[in-house]
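Note that the protein sequences, when read in sequence, are chains A and B. Heads up: the first sequence at position 219 corresponds to 281 in our numbering, and the numbers run straight through without jumps. Heads up: the second sequence at position 59 corresponds to 1020 in our numbering, and the numbers run straight through without jumps. Built from N, CA and C at the ideal position, the CB exists for glycine as well. The model shown is predicted, which means the values in this text are computed figures rather than measured ones.
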Amino acid sequence: MLLRLWRDPAWRAVFFQVLLIALVFLGGAWIVNNTLTNLESRGISTGFDFLSQTAGFGINQTLIEYDESFSFMHTFVVGLLNTLLVSSLGVLFATVLGFLMGVARLSSNWLLAKIAAVYIEIFRNIPLLLQIFFWYFAVLGVLPSPRQSISLFDSVFLNVRGVFFPAPVLDSGGMVAFWAFLAAVVIVGVIVLLNRRQRKNTGRPLPWIKTISLAVLLGLPTLSFWLTNGSLHWDFPALKGFNFRGGVGLLPELVALWFALTIYTAAFIAEVVRSGIESVSKGQKEAAAALGLRPGRVMNLVVIPQAMRVIIPPLTNQYLNLIKNSSLATAIGYPDLVNVFAGTTLNQTGQAIEVIAMTMAVYLTISLTVSLLMNMYNRWVALVER
Amino acid sequence: MLKALVKLTLPALLVASGGLQANEDGSTLETVKEKGFLSCGVNTGLPGFASPDDKGKWSGMDVDVCRGVAAAVLGNADKVKYIPLTAKERFTALQSGEIDVLSRNTTWTLTRDASLGLNFAGVAYYDGQGFMVSKDLGVTSAKQLDGAAVCIQSGTTTELNLADYFRTNGMKYQPVVFDTSDGTAKGFDSGRCDVLTSDQSQLYALRLRLSKPDKAVVLPEVISKEPLGPLVRQGDDQWFNIVKWSLSAMINAEELKVTSANIDKMKSSTNPSIKRLLGIEGPKGKGMGLNDDWSYQVIKQVGNYGEIFENNVGEGSPLKIERGLNALWSDGGILYAPPFR
């Protein structure tokens, strides 16, 4: 019986696959078991109990409520949010700058094309860490002290401790304006759908579509705010004691990291965009021009949609790089996940394996999520063959 | 069939893992003797405690503790490989066996003793946390620091003491965290923070690094106890004893007024305490697996505690730190070592 199964190639294949999985699984179990045994024999604490202990250290940028009496779990969340903040700022601005530079490099304007080329060649060939140091030490580090701040109309202040802006504070009517804004978004959605149907049926879009949408988006919240007698005042930053208080402050660490990540990654994105645009054959542009489309519309309606298919996959890689590179924050002391959690928390608790595993899991999750979203977008813009 | 396979492989794997564990638990003394040098984890650069000169030669209090252990074990204080470590890296380096001793101005605390799998072998320097501010601020007490930006090194007890101090005094602060003590000094120098906080001994050392050292003052408040000492891995009592007693030999030598200069003359002393210290009589080195002249080598090659202190951080150095708590118990300090008997 066994021999007959063995001679059946299909069964044999299944057998070897099961064997391989079992070996991988046993290997993993052995590593875990060995680690736990060794940690225990050396008297090193294990487990995740430390997450509920009091952290006892301060963090200088917290997007959620946090102070020294919170737990190590909170330091994890604070660090994670700071990582997400600088990554999303970086991704957003690198995309805009990258697209501008990529298009500029192909511009028929000689000066513009050369400036873009020089920018790309300089910033993608200097190590990112050096660029972070440049922004942090050479640009932001030499700014004056808080008492000698550079100020703009006495409301925006720039000094070695960061940039401070006035913050709008809604005294009343805030909720109304918020709901009005949501309503405006829904209305604009409906307008866009109507426009799409109109264009499908008649081949012509509705008139004034962009102006109407913008007016609804801005006008509705403003109008409702005004009608309900909402009031708003500005919270100006002011020098009190050692530092500026009030308003919104951006840490120099955040600014340096954000600038460096944006400028470095944008140089790569510009090349990705250029390659995407150049992949669209010249005939397409000529055909569009022959139909009487203006150059701007040729770009928007013919070239970019086709170029996106080529751009999206490498663009995803650049986004993932940017997010992972944000962990260089630790070099200048920006309180991101690696600095706060895999740095201070690890050191105060000594539980390296648990902390590093959690940190790696976070980066893996973020990266996989970004890939998933970008793949969905890619499927949406991909050429549908009929 | 699969079951049989698992039955066969599982015990084999368990045996293999058992064998691996046994291998790793070798005696540190044997390992050090075999490789011929001591791997010692030190600070990445802190004048007076551990810093390399322009020829790459390390010196400092922490470095001399390493040298003392090397002299006791190998008979040669120069057979040390210094591994510079940041505060964040130090415990992992010792836990993983990359270094044999960690002598890196590390504060002895309950957590570190109890849950890191490490043991403190004694106190080499009694320190306390202080604050340094720029003179222009006109601050005279740490109680006036409400709202200040404070430069600190990450992964230190300093970070925790600072939070405690500001919280108990109802003050707010903005922590600016750097990886190395050098980074904190740079941050303070550039004005990124108003205050630099660290162990007092470090503040004096870091002040020398500032572009204008006399523009900064150290505030009088000492907000914590910071007993600094060398660490070893748990579970190797012999090695633990060697490090502990190398340090004790230096302190006892100062108490008995034995120095690196007069030690050869002292050999003919009739004082029984000195005879025991130098291994001429008494317990000698056998109990720890060392040569009988181990303590002689420590004092001869490295010096007694007083000499080490004066050369590295005291009057003979640019730091000019007073003995204070670090004077012998018989001179008004709290330095006290168990007797050689």
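My understanding is that residue i touches residue j, with C-beta atoms under 8 Å, so please give their C-beta distance in whole angstroms.
i	j	result
Ala-179/A	Arg-167/A	6 Å
Met-163/A	Ile-182/A	6 Å
Gly-1190/B	Val-1259/B	The Cβ separation is near 16 Å, so there is no contact.
Pro-299/A	Phe-226/A	4 Å
Val-310/A	Ala-229/A	5 Å
Thr-116/A	Ser-133/A	6 Å
Gly-1243/B	Phe-1201/B	Contact flag wrong, Cβ pair sits at about 21 Å.
Asp-1023/B	Ala-1038/B	Actually they do not touch by this definition, with Cβ atoms about 14 Å apart.
Tyr-381/A	Val-153/A	5 Å
Under the three-state reduction of DSSP, which class applies to residue i: helix, strand or coil?
i	result
Glu-333/A	helix
Thr-284/A	helix
Ser-1102/B	coil
Asp-1140/B	coil
Ala-419/A	helix
Leu-999/B	strand
Glu-1187/B	strand
Val-364/A	helix
Pro-1045/B	strand
Asn-984/B	Its pLDDT being 38, under 50, Asn-984/B is placed unreliably in this model, and the value from its coordinates should be taken loosely. In the structure shown, Asn-984/B sits in a helix (DSSP, three-state: H, G or I).
Ile-1113/B	strand
Asp-297/A	strand
Tyr-326/A	helix
Leu-1169/B	coil
Phe-134/A	helix
Ala-1038/B	coil
Ser-107/A	coil
Met-962/B	Confidence at Met-962/B is low in this model, with a pLDDT of 46, below 50, so the placement of that residue should be treated as unreliable; the coordinate-derived value is given next. Met-962/B: coil per DSSP, three-state reduction.
Ala-1222/B	coil
Asn-1232/B	coil
Gly-1196/B	coil
Leu-312/A	strand
Ser-170/A	coil
With a threshold of 16 other CB atoms inside 10 Å of the CB of residue i, please say whether the residue is buried or exposed.
i	result
Asp-216/A	exposed
Met-449/A	Absent from the structure is residue 449/A, since the part of chain A shown begins at 63 and ends at 448.
Gly-1264/B	buried
Val-109/A	The sequence as given places Gly at residue 109/A; Val does not occur at that position. When all chains shown are included, Gly-109/A counts as exposed.
His-295/A	exposed
Gln-982/B	In this prediction, Gln-982/B scores a pLDDT of 39, lower than 50, which makes its location untrustworthy; the coordinate-derived value is nonetheless stated afterwards. Exposed, since its Cβ has fewer than 16 Cβ neighbours within 10 Å.
Arg-69/A	exposed
Lys-968/B	With a pLDDT of 48 at Lys-968/B, under the threshold of 50, the predicted position of this residue should be treated as unreliable, though the coordinate-derived value follows. Label assigned to Lys-968/B: exposed.
Asn-984/B	Because the pLDDT at Asn-984/B is just 38, under 50, the model does not fix this residue reliably, and the value given afterwards should be weighed accordingly. Label assigned to Asn-984/B: exposed.
Lys-176/A	exposed
Met-63/A	exposed
Gln-210/A	exposed
Gln-452/A	Because residue 452/A is not part of the residues shown, which for chain A are 63 to 448, the question remains open.
Val-76/A	exposed
Ile-415/A	exposed
Leu-67/A	exposed
Thr-264/A	exposed
Lys-1281/B	exposed
Pro-1136/B	buried
Arg-1028/B	buried
Ala-349/A	exposed
Arg-1073/B	buried
Phe-112/A	buried
Using a Cβ cut-off of 9 Å, pull out every chain E residue sitting near residue i, in sequence order please.
i	result
Asp-1107/B	Considering every chain present, this structure includes no chain E. Its protein chains are A and B.
- Would you check if there are 3 or more beta carbon pairs closer than 8 Å linking the region 1248-1267 of chain B to the region 1205-1217 of chain B? yes
- Ignoring anything shorter than 3 residues or poking outside the region 177-258 of chain A, list the beta strand (DSSP E) runs there in chain order. 212-214, 218-221, 224-227 and 229-234
- Pairing CB atoms from the region 988-1004 of chain B with CB atoms from the region 1229-1239 of chain B, are three or more of them under 8 Å? no
- Query: Which ranges does the alpha helix (DSSP H) cover as unbroken runs of at least 4 residues, wholly within the region 1240-1301 of chain B, from first to last along the chain?
  - Reply: 1255-1262 and 1266-1273
- Item | Uninterrupted beta strand (DSSP E) stretches inside the region 1050-1102 of chain B (no shorter than 3 residues) | 1062-1068, 1079-1081, 1086-1088 and 1090-1095
- Determine, using beta-carbon pairs with one atom in the region 353-365 of chain A and one in the region 418-429 of chain A, whether at least three such pairs fall under 8 Å. no
- Message: I'd like to know if the region 405-416 of chain A and the region 307-324 of chain A are in contact, where contact means that at least 3 CB-CB pairs between them fall below 8 Å.
- Response: no
- Would you be able to state if there are at least three C-beta pairs under 8 Å between the region 366-374 of chain A and the region 329-344 of chain A? yes
- Query: Hey, is the region 1110-1122 of chain B in contact with the region 1145-1162 of chain B, meaning 3+ C-beta pairs nearer than 8 Å?
  - Reply: yes
- Taking only runs that begin and end inside the region 336-408 of chain A, name each unbroken alpha helix (DSSP H) of 4 or more residues, in chain order. 344-352 and 366-387
- Item | Three CB pairs or more closer than 8 Å across the region 1048-1061 of chain B and the region 1073-1084 of chain B | yes
- Query: Between the region 1171-1180 of chain B and the region 1121-1129 of chain B, are three or more C-beta pairs nearer than 8 Å?
  - Reply: no
- Task: Decide yes or no for the touch test of the region 1143-1154 of chain B against the region 196-210 of chain A: beta carbon pairs closer than 8 Å, at least 3 of them.
- Result: yes
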